[in-house]
Amino acid sequence: MSYIFKKKIISRVLCISVFSILFGTSCVPTSRLSYVQSPAGTNLADMQYTGPQTDNIIRSGDELYVRITSADEERTAVMYQDQNRIHDPTLLSHTVSEDGTIKLPYVGRIAVGDLTLEEASDFIETLMSDYLFVPSVYIRFVNTKVTVLGEVRNPGVFVFNYKNINILQAVAYANDITEFGDRRNVLIIREEDGMRRTKNYVDLTSDALLESEWYTIKSDDVIYVEPLGRKKWGMATVPYNLILSAITTALVISTYIGR
Numbered sequence: 149m150s151y152i153f154k155k156k157i158i159s160r161v162l163c164i165s166v167f168s169i170l171f172g173t174s175c176v177p178t179s180r181l182s183y184v185q186s187p188a189g190t191n192l193a194d195m196q197y198t199g200p201q202t203d204n205i206i207r208s209g210d211e212l213y214v215r216i217t218s219a220d221e222e223r224t225a226v227m228y229q230d231q232n233r234i235h236d237p238t239l240l241s242h243t244v245s246e247d248g249t250i251k252l253p254y255v256g257r258i259a260v261g262d263l264t265l266e267e268a269s270d271f272i273e274t275l276m277s278d279y280l281f282v283p284s285v286y287i288r289f290v291n292t293k294v295t296v297l298g299e300v301r302n303p304g305v306f307v308f309n310y311k312n313i314n315i316l317q318a319v320a321y322a323n324d325i326t327e328f329g330d331r332r333n334v335l336i337i338r339e340e341d342g343m344r345r346t347k348n349y350v351d352l353t354s355d356a357l358l359e360s361e362w363y364t365i366k367s368d369d370v371i372y373v374e375p376l377g378r379k380k381w382g383m384a385t386v387p388y389n390l391i392l393s394a395i396t397t398a399l400v401i402s403t404y405i406g407r
């Protein structure tokens, strides 16, 4: 093997090494960034998902905002005379007791457990019709929250006015996962019955997520997005110093060989 041929081989190896460092540490494959991907060749027009539906049932421990209005403005004003100055619905909420009841003006304690918001609204309107003229009842869930931590752009505790949301909506509250978050290994921690805690890992890049029981996020769930390996090794950004050092070393070796 001639000296010139050896020199060319070494130069090529050095160049390949430098470019490998450059592209291998600064790029994340698209397959690791896209959500709910379907297998190749899948006809999306024929796909249907039958996962769990959004829970709209009132249960003990839920916080309900109940607003009652009627054509009888005077009686309604008396009922809310101390509340008209309050604009935060969470300060007017009613906690559903263990027996599924809440306490309201005129009618006292009533059972709303196991009813939907619409059913509870109709039920309260019927009861209030004995005291108010053409009552109208508006109910919504309040103080429902989810905690999103880890490799997201805006970690924190987020409050939403629904019974529950899906995991993609929860991630959106945190302003999405960064390019160095592991979308294939997202941890969900859930507290059930006030005592038992369960955890599960979900893959946000697979369309199997849409049929998973963990697709729906419940109040007080904690979501943790783990960092990719490159972030764990301190390469969250392009390591320009390392690349420059590799290029400089390559040039020195190449110059030395050329002598």
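Here the sequence shown stands for residues 149 to 407, numbered as in the working numbering. Just so it is clear, CB atoms sit at the ideal spot from N, CA and C, and this is done for glycine as well. As the structure is a computational prediction, the values presented were derived from the model and not from experiment.
Take the alpha-carbon of Leu297 and the one of Ser360: they are about 21 Å apart. Between the stretch 299-311 and the stretch 322-340 there are three or more inter-stretch CB-CB distances shorter than 8 Å, so the stretches are counted as touching.
Buried is the label assigned to Asp330, since at least 16 other Cβ atoms lie within 10 Å of its Cβ.
Of the residues Leu358, Leu352 and Ala356, the one whose Cα lies closest to the Cα of Tyr372 is Leu352.
In the pairwise beta carbon analysis, the stretch 251-261 is classified as not touching the stretch 310-317: fewer than three pairs are separated by under 8 Å. When Ser245, Val244 and Ile216 are compared, the shortest CA-CA separation from Asp270 is found for Ile216. By alpha-carbon distance to Tyr183, the top candidate from Glu374, Ser393, Val319 and Ile337 is Val319.
The alpha carbon of Leu335 has as its nearest neighbour, out of Val305, Glu374 and Ala356, the alpha carbon of Glu374. Relative to the Cα of Leu212, the nearest Cα in the group Leu357, Thr346 and Ser241 belongs to Ser241. Residue range Leu265 to Met276 is occupied by the alpha helix (DSSP H) that includes Glu266, with no beta strand (DSSP E) assigned at that position. In this structure, the alpha-carbon of Phe308 lies about 16 Å from that of Leu265. Sorting Ser393, Leu357 and Ile337 by C-alpha distance to the C-alpha of Gln185 places Leu357 at the top. Of all alpha-carbon atoms in Val370, Ser208, Ser284 and Ser393, the one lying nearest the alpha-carbon of Ser245 is that of Ser208. Ser393 carries a helical assignment under DSSP once its states are collapsed to helix, strand and coil. The Cβ atoms of Phe289 and Asp210 lie closer than 8 Å to each other. DSSP places Glu361 outside both helix and strand once states are collapsed to three, so it counts as coil. Residue pairing of Glu211 in beta bridges, as defined by DSSP: Thr243. DSSP, read as helix, strand or coil, puts Asp220 in coil. Ranked by how close their Cα comes to the Cα of Met343, the residues Asn291, Asp368, Ser354 and Trp362 have Asp368 in first place. The C-alpha of Thr295 lies about 43 Å from the C-alpha of Phe281. Minimum Cα-Cα distance from Lys251 among the listed residues Val214, Thr274 and Ser284 corresponds to Val214. By the neighbour-count criterion, in which a residue is buried when 16 or more other Cβ atoms sit within 10 angstroms of its Cβ, Thr292 is buried.
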